[in-house]
Amino acid sequence: MLIKSAFPWTDATSDENTLAQMQLNNPDASGAIRPPQRLCAGQTLLCKALGLKVPEWDARRFDPQRLLVEDIGQAPERIIQTTRLGIPAGRDEHLMYRFVDAGYARFCTRNPLRRGQVEGRDYLFLDQGN
């Protein structure tokens, strides 16, 4: 599984100082502080915010001593299943292999619920228990 985007979470382990460091790691194009809701909206932005460099992680096993991934006990109420982004024509671009927490859809690189999208054709809702 690949984590392609995220939303900053602050708690006792990763507080406002951590968020501020992530914002310093990942300014917007003009050099200004990027708002939290756009900070990790996509693979490149997520890696920049976390200070991850591809050569240091490419083709290597996950190292929990270098990056903490913690279960905070939050489960999405609804998941949106849709097509992946950036898949060239003829490369199974129609397959719905992208999964988005519906509560954070508006912060996605490309919101699967944007105007013109049709449920059942462009995306599906997966509810807990399905």
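Just so it is clear: in the sequence shown, position 24 is 23 by numbering that gives the first Met the number 0, and no numbers are missing. The C-beta atom is built at its ideal place from N, Cα and C for all residues, glycine as well.
- Residue environment analysis places N16 among the exposed positions, since fewer than 16 neighbouring C-beta atoms fall within 10 angstroms of its C-beta.
- Closest in C-alpha terms to V99, from the list D14, L51, A28 and P111, comes P111.
- D91 has its alpha-carbon roughly 38 angstroms from the corresponding atom of S13.
- Counting C-beta atoms within 10 angstroms of its own C-beta, T81 has 16 or more neighbours from the protein chains shown and is therefore classed as buried.
- Here Q80 carries a strand assignment [DSSP, helix/strand/coil].
- DSSP links Y122 through a beta bridge to T81 and E118.
- In this structure, the CA atom of A104 is about 22 angstroms from the CA atom of I32.
- For Y96, the number of other beta carbons within 10 angstroms of its own is below 16, and it is reported as exposed.
- Boundaries for R97: no alpha helix (DSSP H) harbours it, while the beta strand (DSSP E) harbouring it runs R97 to D100, taken from the DSSP string.
- Of the residues C46, T108, G72 and R77, the one whose Cα lies closest to the Cα of Q20 is C46.
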